[in-house]
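Given below as C-alpha cells:
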C-alpha cells in the first residue's frame, strides 16, 4: 500500500520533469476573468465567449485525446473540457502545458484555464480549454476524508479543503464582526485600537499572560485581558462613542466556551446609562445575528431561542434567593460553601463569597434558554460598575443569558475616583491573598477619573456569541486553535535533513 512518502516522491519526480522541460512550477503571475461559479451561473451570457478561470484540480480523467478536469476555487466548481486538437501545445516559458503534459498534473495542483464556454454531450456546462497553465505544483495529495478532530485542528488548511462547510463557518464569523463594526459605525461610534501590551492589566477577572519588553529595560508587561480601561481613558479624553475590536488573552483552561486567545469587542458611550445600553444591545443583537445567519430563530443544543421579541429581565439577588435560599447581601463563606457542596459544585481554598455565589449563579444559568437580561448584580461581584441608587449594594450591570451562557456584559460605568480606588484596593488585597484573577490596582486609571469622566455606559462581547449561535465549540469556532506542539513521525521522516524535534 502506497504511503504518503511514496505519493510525495512521485510528485517530486513530476516536479523535476516539469523543471527539465523549462516550466516554472510556481509562477508569480495568474490571470482570470471569472470565478468558477460565475462561468456556470452566467453561462447563457458567456456561451461562446473566451474566459479564464483558475483554481485547484479536484479530479482528472484522461482518455488520450480527451480529458476532463474538475476545477475548484473559493466560489465553487467548474468542469474543464480538453480536446487534443483544441488545446495549445507546450510553451514552457509561459508555463503552458499541452495534452502530453497532463500526466505531470495531480489533484491538488493549481492551474489556469482559458477557453470558450461550451456544453458537453452529457449536458455539463464547461470551459472548452484552449490553453492550460500550471500555477502551483502540489507535493502532497489532499485526503478524500478528514474526520479526526486532532488532525483537523492541526491542519486546518486541509480541513477546509476536505470539509468546505468549515470554511463557510469562518465566512460567517467574518460577517459577524463586519456586522458588529457596521452597526456601531452607523450609530456614531469611532473605532480606536488600544494597546495589547499593558503595564497593569484589568477590566476583568482573569489570570494574564506575562511578557517582557527589551526596549524598556526588560520591564514586565501583560497581554491585555480586556479593552476596558484604555477605552474609558478615551471617554475621559473627550471621545463620546468609542470601541475597539481585536484579540484579548486570558491565561486559563480551554473549555467549549473559552479560549486563552480570542477576539472581543467593547464599546463605551458617554451620557448613556445601563437602560439605554440594554435597549441599544437588544437591537444590535437582532441586526448582527440577522446579517450573519439570516434568521433570528435558533435551535441551540437543547434550547429553542427566539431573538426576535422583547427580552425578559431577572434580578440577580432574587434568582439566587429563589434557588438557594441565600441572601447574597447578608451571607457567609460557610453558608455559600455549604450550598456549593449541596449542589455538587466544586469548593476551592481560594473561593471567596463573590467566587462562590458566582458558581451558584452559573449552576442556574446553564438551564436558561433566554434571551434574558440579568440585572442588579451585587457590587462585590462587579468592582468596575456604578452602584444602583435604588439599592447601593447592587450595581447597574446588564448581562445577556442565552442558551445557558452569558453572551456579553454591560455597565453604567463607575466614574467616582474615590469609590473606584477603594474597590481597586479591595481587589488588590484579594490578589495579594492568592487570587490570581482579582484585578490589579491601576493608579493611572484612578488619576484619569480624578480629572473627570462623564457618565457612561460600556458593553463587551466576545466571539463566544458567534460560537453559541453557530452551534460549535470554541476550538471549532476559530480557524487555528492552539494545540500542544507536536511533530509526527511521518513529518520527521520526510524532512529528516531538518532534524525536527
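Numbering (the working numbering), first residue to last: 44 to 544. No residue lacks a Cβ here, since even glycine has one placed at the ideal position from N, Cα and C.
For residue i, the nearest candidate out of the options (CA to CA)
i           : options               : result
residue 295 : 280, 55, 84 and 251   : 251
residue 496 : 435, 275 and 431      : 275
residue 353 : 346, 362, 370 and 323 : 323
residue 269 : 239, 395 and 258      : 239
residue 172 : 223, 110, 258 and 182 : 110
residue 88  : 180, 159, 254 and 189 : 159
residue 344 : 118, 293 and 513      : 513
residue 203 : 77, 112, 117 and 76   : 117
residue 459 : 478, 499, 73 and 423  : 499
residue 50  : 504, 182, 527 and 58  : 182
residue 394 : 447, 479 and 502      : 479
residue 272 : 477, 386 and 309      : 309
residue 170 : 190, 123 and 540      : 123
residue 92  : 153, 405 and 83       : 83
residue 66  : 234, 351 and 132      : 132
residue 228 : 199, 311 and 44       : 311
Burial state of residue i, where buried means 16 or more other Cβ atoms lie within 10 Å
i           : result
residue 482 : buried
residue 506 : buried
residue 494 : exposed
residue 452 : buried
residue 356 : exposed
residue 52  : exposed
residue 241 : buried
residue 414 : buried
residue 156 : buried
residue 419 : buried
residue 90  : exposed
residue 313 : buried
residue 180 : buried
residue 435 : exposed
residue 207 : exposed
residue 11  : Not covered by the structure: residue 11. The range shown for the chain is 44 to 544.
residue 286 : buried
According to DSSP, residues forming a beta bridge with residue i
i           : result
residue 440 : 454
residue 298 : In DSSP, residue 298 forms no bridge with anything.
residue 340 : 349
residue 434 : 431
residue 94  : 158
residue 264 : 254
residue 449 : 444
residue 304 : 292
residue 421 : 437
residue 116 : 119
residue 310 : 286 and 502
residue 105 : 110
residue 404 : Paired residue(s): none; residue 404 is not in a bridge.
Other residues of its chain near residue i: CB distance less than 8 Å, five sequence neighbours each side excluded
i           : result
residue 536 : 48
residue 369 : 363, 378, 379, 382, 400 and 403
residue 390 : 380, 383, 384 and 399
residue 302 : 517, 518, 521, 524 and 525
residue 546 : Residue 546 lies beyond the residue range present for the chain, which begins at 44 and ends at 544; the question has no answer from this structure.
Pairwise C-alpha distance: residue j and residue i
i           : j           : result
residue 429 : residue 291 : 24 Å
residue 280 : residue 263 : 26 Å
residue 366 : residue 231 : 42 Å
residue 107 : residue 341 : 52 Å
residue 187 : residue 472 : 57 Å
residue 150 : residue 305 : 35 Å
residue 437 : residue 490 : 25 Å
residue 416 : residue 383 : 24 Å
residue 409 : residue 70  : 54 Å
residue 450 : residue 432 : 26 Å
residue 517 : residue 244 : 24 Å
residue 379 : residue 521 : 37 Å
residue 360 : residue 422 : 11 Å
residue 260 : residue 254 : 13 Å
residue 282 : residue 237 : 14 Å
residue 162 : residue 72  : 29 Å
residue 387 : residue 407 : 13 Å
residue 94  : residue 104 : 22 Å
residue 137 : residue 176 : 8 Å
The ligand GDP heavy atom lying under 6 Å from the CB of residue i
i          : result
residue 93 : Ligands are entirely absent from the displayed structure, and the ligand GDP is therefore not among its contents.
Beta-carbon proximity list for residue i, same chain, < 6 Å, skipping 5 on both sides
i           : result
residue 467 : 484
residue 381 : none
residue 142 : 127 and 130
residue 508 : 450
Residues of its chain near residue i, where Cβ-Cβ distance is below 7 Å and the 5 sequence neighbours each way are ignored
i           : result
residue 226 : 327, 330 and 331
residue 335 : 215, 218, 219 and 222
residue 375 : none
residue 318 : none
residue 622 : Not covered by the structure: residue 622. The range shown for the chain is 44 to 544.
residue 178 : 70, 73, 97, 153, 154 and 155
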